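Data first, discussion second: the structure below is written as structure tokens.
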Amino acid sequence: MPNGYSVGDPILQVKNISLKLGGNQILRDLSFDIIDILRAGSTTGQIVGLLGPSGIGKTQLFRILAGLNTPDAGEVLVGHPGKPVQRGMVGVVAQHYPLFEHRTIWSNLMVAGAHSGKPQADRERRANDLLERFKLADRKDHYPAQLSGGQRQRIAIGQQIMCSEQFLLMDEPFSGLDCVALDAVQELINEVTHAHELNTTIIVSHDIAAVCEIADQVILLGREPDENGKQIPGAKVMAKYDLGEMGLAWRKGITTDPDFVRLLEEIRQRFPLL
Ligand SMILES: Nc1ncnc2c1ncn2[C@@H]1O[C@H](COP(=O)(O)OP(=O)(O)OP(=O)(O)O)[C@@H](O)[C@H]1O
Ligand SMILES: [Mg+2]
């Protein structure tokens, strides 16, 4: 194997998911697996990007992966041996960053941490670390309404990191961040994911560059053309990129690598066709 890595057991299996809403086919017989990636000498979690244009069905798929919605057909299995996903198995950062409006920032983080079952001292250390990292330590006694959109987003991500165990699912975590905040969120996702071998973060997004920079696997969602070139309704997996195998994962400064730049261009080219 290139880059000294090998694959282990499946961690998440998405099997033949179909969904119709209001008479429209949104997802059509969609399947993919996420497999544990092993690298000798290092703990390697999985960061998987689910990319697709606006309206393709990413948020709908996200809700099914998180066990929040049930598809019309198909199933999502978590872990090995696979168990059907249920609400609460997967940490979820939603697209609109819901927070408890009547609680302070600190209290928002601590409530989330209470679900983790970790000792109080650990939770407080983690929350303080998150606030430092997100440059929000001086805001811990503020309420969500007193934060900017980007600050809310960082707290919403922090909440899920406080409470999630192995799986973290994020819907558009990079939208609306300036480049400093984007770096901080990417670094945090990297750190949290690679803290444990079986940790898996799935990022649902249309931000090709921000996702590819930290992902080791990228799945492109789109619609297949029929024999006349007309799109068949319902999203499917159109391509899978294994960035680990391509030598484009787990490296700092990857953004200037010519192969990486070519990959972004290839994905961009495919986007409007989806
Ligand atoms: N309750 C609903 N009833 C009918 N159609 C719906 C409903 N909710 C979503 N849809 C449709 O399902 C499709 C997929 O929506 P979804 O929110 O999953 O897109 P998305 O890929 O997440 O888009 P974005 O990148 O803009 O967030 C859209 O065409 C949307 O209009
Ligand atoms: Mg969406």
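So the sequence shown is residues 5 to 278, counted in the numbering used here.
Yeah, the Cβ is synthetic: ideal placement off N, Cα and C, and Gly gets one too.
Owing to the predicted nature of the structure, the values given are computational and were not obtained by experimental measurement.
*Could you pull the start and end residues of the beta strand (DSSP E) that Ala-239 belongs to?*
That residue, Ala-239, is in no beta strand (DSSP E); it is neither H nor E in DSSP.
*Range covered by the alpha helix (DSSP H) that runs through Arg-112*: This sequence places Asn at residue 112; Arg is not what is there. Its alpha helix (DSSP H) spans residues 109-118.
*Using the beta-carbon count (16 or more within 10 Å), is Glu-269 buried or exposed?*
Looking at its Cβ environment, which holds fewer than 16 other Cβ atoms inside 10 Å, Glu-269 is exposed.
*Continuous alpha helix (DSSP H) stretch holding Ala-185: start and end*: Per DSSP, Ala-185 belongs to the alpha helix (DSSP H) from 183-197.
*Who are the Cβ neighbours of Ile-212 in its own chain at under 8 Å, not counting the five residues just before and after it?*
Within the same chain, Cβ atoms closer than 8 Å to the Cβ of Ile-212 are found at Leu-55, Leu-268, Ile-271, Arg-272 and Phe-275, the five residues on either side in sequence being excluded.
*What are the start and end residues of the beta strand (DSSP E) that includes Thr-63?*
It is not in any beta strand (DSSP E) - Thr-63 instead sits in the alpha helix (DSSP H) that spans 62-69.
*Tell me Phe-36's beta-bridge partners as DSSP assigns them.*
Residue pairing from DSSP places Phe-36 in a beta bridge opposite Val-18.
*Closer than 8 Å: Glu-176 CB and nearest ligand 2 heavy atom*: Flag set: Cβ of Glu-176 near ligand 2.
*What residue range is occupied by the uninterrupted beta strand (DSSP E) comprising Met-174?*
Here the beta strand (DSSP E) through Met-174 covers 171-175.
_Rounded straight-line distance, which links the Cα of Ala-149 to that of Met-5_ = Since pLDDT at Met-5 reaches only 49, below the 50 mark, its modelled position is unreliable, and the value read off the structure follows with that caveat. Answer to the nearest angstrom: the Cα atoms are 50 Å apart.
*Counting only the same chain and skipping the five closest in sequence on each side, list residues whose C-beta sits under 8 Å from that of Asp-263.*
Scanning its chain for C-beta atoms nearer than 8 Å, with the 5 sequence neighbours on each side dropped, one finds around Asp-263 the residues Met-250, Gly-251 and Leu-252, in chain order.
_Spatial neighbours of Gln-190 in its chain, beta-carbon cut-off 6 Å, leaving aside the 5 residues before and after_ = For Gln-190, where only same-chain residues beyond five positions count, the Cβ hits under 6 Å are Ile-218.
*Secondary structure of Arg-91, DSSP reduced to three states*: Arg-91: coil per DSSP, three-state reduction.
*Grab me the residues of Lys-240's own chain with a C-beta within less than 6 Å of its C-beta, minus the 5 sequence neighbours each way, in chain order.*
Cβ within range, chain order: Arg-32, Leu-34 and Glu-228.
*Check whether the Cβ of Val-208 lies closer than 8 Å to any heavy atom of ligand 2, and answer yes or no.*
Under cutoff, so the answer is yes.
*On the three-pair Cβ rule with 8 Å, is the stretch 163-170 touching the stretch 104-122?*
Judged by pairs of C-beta atoms under 8 Å, the stretch 163-170 touches the stretch 104-122, as three or more such pairs exist.
*Run of the alpha helix (DSSP H) containing Gly-162, from where it starts to where it stops*: 153-167 is the extent of the alpha helix (DSSP H) around Gly-162.
_Cβ-based burial, His-210 [other Cβ within 10 Å; buried from 16]_ = By the neighbour-count rule (16 or more Cβ atoms within 10 Å), His-210 is buried.
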